[in-house]
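Structure record follows, encoded as structure tokens.
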Amino acid sequence: PNVDDLLQGAPLEYEKLTMQFNGNSSQMLLLDFNPEMQRCLWVLQPQDTNLRLVSSDVRKLAAGSDIDLIQLTDTEPILPKEIYGTANTQTWCYYFQKADLARQYGQWDEIVRLWDETQSVGERADNGFEYIPFIEGFGHTGNWEQAAELTKFSKRITSGLEPSLCSALDRLAENAPESAERDETINDLKEHLDCSSYQ
């Protein structure tokens, strides 16, 4: 099926040896994984339709990605080590993916805690997109200085990220607790990123 068909809800069928998959693209999670480009696994969502770091087809498909299919559980699943190996919980990607999940559920304090942990173990992102959950976490918890610093750093290390950063600032302007500092920081950052060019 083409991109438009997938966004409308196309049946999906796939067979390999003794396995068979049947589904429908109306229940789609869009993943982007490019470890050779120093990126973590990204679970894309409708807010990522302006992400310039992926192909135009992937940007379009992001509109149909339903992150509500990802459910929070109280316990981590136990995966067979002989198949999956031992999980390394002290990598940047581990922290980014945990923070992205926490963002989905509005767990802003957890995102800040995860950030503090990344700093204590010396992990950092090679791609500015992976800082966005942390930028939003700092904004929602009122640490606008850190949110601004990470936003500027993200722009500096990843070209073409401005539309995604501007979208994150729009979400913060709409959803983060109101304060004069929030408004001033967001306005300054939007000017720094030239967000009016991406509206």
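Residue 1 is where the sequence shown starts when you use my numbering, and the numbers rise one by one after that. All C-beta atoms in this analysis are idealised placements derived from N, C-alpha and C, irrespective of residue type, glycine included. None of these values were measured; they are calculated from a predicted model.
Query: Close beta carbons around Trp144, own chain, < 6 Å, minus the five adjacent residues each side; Result: Glu181, Thr185
Query: Host beta strand (DSSP E) of Gln20 (start-end); Result: 19–24
Query: Local conformation of Val43 per DSSP, three classes; Result: strand
Query: Backbone CA spacing between Leu189 and Lys152 [nearest angstrom]; Result: 8 Å
Query: Strand pairing of Met28, partner residues [DSSP]; Result: Ser65
Query: Beta-carbon spacing of Ser126, Ile157 below 9 Å; Result: With the sequence shown as reference, residue 126 is identified as Asp, and Ser is not the correct amino acid for it. Taking 9 Å as the Cβ cut-off, Asp126 and Ile157 qualify as a contacting pair.
Query: Residue from Gly160, Glu174, Arg171, Asn175 with nearest C-alpha to Asp194; Result: Gly160
Query: Tyr14 - DSSP class collapsed to helix/strand/coil; Result: strand
Query: Rounded straight-line distance, which links the Cα of Leu30 to that of Gly222; Result: Any property of residue 222 remains undetermined from this structure, which presents the chain solely from 1 to 199.
Query: Outcome for Tyr14 when other beta-carbon atoms lying within 10 angstroms are tallied against a minimum of 16; Result: exposed
Query: Pairwise C-alpha distance: Val3 and Gln97; Result: 26 Å
Query: Contained alpha helix (DSSP H) runs [length at least 4] in the segment 111–184, N- to C-terminal order; Result: 132–140, 144–157, 162–175
Query: Beta-carbon proximity check, Trp115 vs Phe138, cutoff 9 Å; Result: yes
Query: Where Arg103 falls, given that 16 or more other Cβ within 10 Å makes a residue buried; Result: buried
Query: The alpha helix (DSSP H) enclosing Asp100, as first and last residue numbers; Result: 92–104
Query: 6 Å Cβ shell around His140 - same chain, five flanking residues per side excluded; Result: Trp108, Ala176
Query: Burial state of Val121 (16 or more Cβ within 10 Å); Result: exposed
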